[in-house]
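K.L.:
Below you will find the structure I want to go over with you.
There are 2 protein chains.
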Amino acid sequence: MGSNAAAEGRPRGRKRLTNQTPPPSDRTRVKRLHERGRYDRATIDAILDAMPVCHIGYSINGLPYATPTLQWREGDHVYWHGSSASGMLRAIDGALVCLTVTILDGFVVARSAFHHSLNYRSVMLFGRAEKVRDDAAKLQHLERLIEGLFPGRWQTLRPVNAKELKATAVFALPIDEASAKVRTGGPKDDEADYALPIWAGVVPVRLQLLPPEDDPRNLPDVSVPADVGALKIG
Amino acid sequence: MGSNAAAEGRPRGRKRLTNQTPPPSDRTRVKRLHERGRYDRATIDAILDAMPVCHIGYSINGLPYATPTLQWREGDHVYWHGSSASGMLRAIDGALVCLTVTILDGFVVARSAFHHSLNYRSVMLFGRAEKVRDDAAKLQHLERLIEGLFPGRWQTLRPVNAKELKATAVFALPIDEASAKVRTGGPKDDEADYALPIWAGVVPVRLQLLPPEDDPRNLPDVSVPADVGALKIG
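Protein chains in written order, with the numbering used here: chain A, 8 to 241; chain B, 8 to 241.
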């Protein structure tokens, strides 16, 4: 339990990414081997792209919040959206936030309580939330959200109207201060404990998409389109 | 997209729970029907018990964080743990935190982009993180963590030693300022859009436990115990 997500998910210093794939440095390499830390954009992007649910850490009047929402990546930015009337979204316009994505991959079962752990992939991004103020840009981002989940669906939908666009706020965060933490593999027990007749191993966890369920008001000839079948997660 | 987790996961006012199952009030009932808000302990506890991964929102020197960790409930408190040497855990001792648990249950696919949504269950707890300072109490809480996941496993393990106990910090948060948000069911489209030949429905999501994988150093006669088989999630 010493090697848990609380200890490992915390960034050890906020590292500013200067380009998409920084050359491996001694510091990066040591962290990768010994501390589960990853700072390469390929790892960070893969985790962001695999899990649309994130938690945003922010403060309002000194009170901390961790609020779940949907995130999607476009190049070097991550976006999220919500109601324009949301007090939370009004409060974080221009404010410092921490956007965290976590994917649980398994329970690590050890021979002592202390070495039980989790396998997981997580990313923490830090920066200022920037509201997207241009309507055309906002609409394009919403299209990317839909297309990222359901490729090809946007053009099949009833178009977004002006009222809906006004009611929706979109926020951006640059991916330039980021860290990933990844744990994989089995337990790491104390050497003496391997002689004990205690089962150890991993119980893998995955997010599973179940077959789509029709809305009862679908028209008779309408069947599940390819865009919905293309949804992936995890 | 208007009815999304960003808008819905945010507590509309922090409600202090005065007992385990407050009598339904007009305010509670209206929120339940119209805003996905739930304030009853049965709903809150069921969500906390179904998902050990949480995100803790906190601030260090005015910078917000949302850090993933493992939580477990014992009665009217939620607990988490980590390394005693963790700067994060030292920083939040006595500090205000927000502990959020989120379970993704499905993608809600609508006839317009605006009405796409997510099905989910989430809980947000607010309060001051209290460090458990008594060693005997700390050990008991760690036992509950293991037993909560793997009932019966604690007594089969190599016992926790003094060094491990010292290296582990345990924190508590009372469940007395809490809200849950739950969305279920299919899309709620604009009435006119139901005439459109666009597929709508839900793609359910669930967390799946895969068969346990043996550690390669397990002794020959050791097989998966009942405690590991009893693990449940989601």
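Ideal Cβ positions, reconstructed from N, Cα and C, are used throughout, including at glycine.
Can you list the beta strand (DSSP E) stretches of 3 or more residues lying completely in the segment 129-200 of chain A, in chain order?
P.N.:
The qualifying runs are 175-181, 185-190.
K.L.:
For the putative contact between A:Val189 and A:Arg80, defined by C-beta atoms under 8 Å, what is the C-beta separation to the nearest angstrom?
P.N.:
Actually they are not in contact, since the Cβ atoms of A:Val189 and A:Arg80 sit about 18 Å apart, beyond 8 Å.
K.L.:
Output, in chain order, the set of chain A residues within a Cβ distance shorter than 7 Å of B:Leu180.
P.N.:
Residues of chain A with a Cβ closer than 7 Å to the Cβ of B:Leu180 do not exist; the shortest Cβ-Cβ separation is about 12 Å.
K.L.:
Between B:Ile110 and the ligand NAD, is there a pair consisting of the residue's CB and a ligand heavy atom that are separated by less than 7 Å?
P.N.:
No copy of the ligand NAD occurs in the structure displayed, which carries no ligand at all.
K.L.:
Look at the Cβ atom of B:Trp87, then the Cβ atom of B:Phe157, and state whether they are nearer than 8 Å.
P.N.:
no
K.L.:
Under DSSP, the beta strand (DSSP E) around B:Asp112 begins and ends at which residues?
P.N.:
103-116
K.L.:
With DSSP run on the structure shown, which of helix, strand or coil describes B:Ile99?
P.N.:
Reduced to three states, the DSSP call for B:Ile99 is coil.
K.L.:
Determine, using beta carbons only, whether A:Tyr46 comes closer than 8 Å to chain B.
P.N.:
no
K.L.:
What's the C-alpha gap between A:Glu4 and A:Pro218?
P.N.:
Here chain A covers residues 8 to 241 and nothing more, so residue 4 of chain A does not appear.
K.L.:
Check whether the Cβ atoms of A:Gly64 and B:Gly134 sit closer than 8 Å, and answer yes or no.
P.N.:
By the CB criterion at 8 Å, A:Gly64 and B:Gly134 fall outside the cutoff.
K.L.:
Anything in chain B within Cβ reach of A:Tyr72, meaning under 9 Å, just list it in chain order.
P.N.:
Residues of chain B with a Cβ closer than 9 Å to the Cβ of A:Tyr72 are, in chain order, Arg17, Pro18, Gly64, Pro71, Ala73, Cys105, Thr107, Met131, Phe133.
K.L.:
In terms of residues, what are the limits of the alpha helix (DSSP H) holding B:Arg48?
P.N.:
Run containing B:Arg48: 48-57, per the alpha helix (DSSP H) assignment.
K.L.:
Please name the residue or residues paired with A:Asn126 in a DSSP beta bridge.
P.N.:
A:Gly113
K.L.:
Looking at the structure shown, is A:Val231 part of a helix, part of a strand, or coil, going by DSSP?
P.N.:
coil
K.L.:
Do we get a CB-CB distance below 8 Å when we pair B:Thr254 with the residues of chain A?
P.N.:
In the structure as shown, chain B starts at 8 and stops at 241, and residue 254 of chain B therefore has no counterpart that could be examined.
K.L.:
If contact means a Cβ-Cβ distance below 9 Å, which residues of the segment 209-231 of chain A contact chain B?
P.N.:
Val209, Val210, Pro211, Val212, Arg213, Leu214, Gln215, Leu216, Leu217, Pro218, Pro219, Glu220, Asp221, Asp222, Pro223, Arg224, Asn225, Leu226, Asp228, Val229, Ser230, Val231
K.L.:
Counting only C-beta atoms, is A:Ile205 closer than 8 Å to chain B at any point?
P.N.:
yes
K.L.:
What are the partner residues of A:Ala73, as DSSP defines its beta bridges?
P.N.:
A:Gly64
K.L.:
The beta strand (DSSP E) that contains A:Ser90, what's its start and end?
P.N.:
Note, A:Ser90: beta strand (DSSP E), 84-90.
K.L.:
Any beta carbon of chain A sitting closer than 8 Å to that of B:Ala49?
P.N.:
no
K.L.:
On the CB-based measure, 16 or more other CB atoms within 10 Å of its CB, does B:Lys78 come out buried or exposed?
P.N.:
Reading off the sequence shown, one finds Gln at residue 78 of chain B, where the question assumed Lys. Counting Cβ neighbours within 10 Å, B:Gln78 comes out buried, since at least 16 surround it.
K.L.:
Could you tell me which chain A residues have their CB closer than 8 Å to the CB of B:Trp161, listed as they occur along the chain?
P.N.:
Ala120
K.L.:
If you follow the beta strand (DSSP E) that A:Leu216 is in, where does it begin and where does it stop?
P.N.:
208-216
K.L.:
Where does A:Gly94 sit, in a helix, a strand or coil, going by DSSP?
P.N.:
helix
K.L.:
For a quick check, are the C-beta atoms of A:Gln147 and B:Gln215 less than 8 Å apart?
P.N.:
No, Cβ-Cβ distance for A:Gln147 and B:Gln215 is not below 8 Å.
K.L.:
Measuring only the C-alpha atoms, how far is B:Leu152 from B:Glu184?
P.N.:
22 Å
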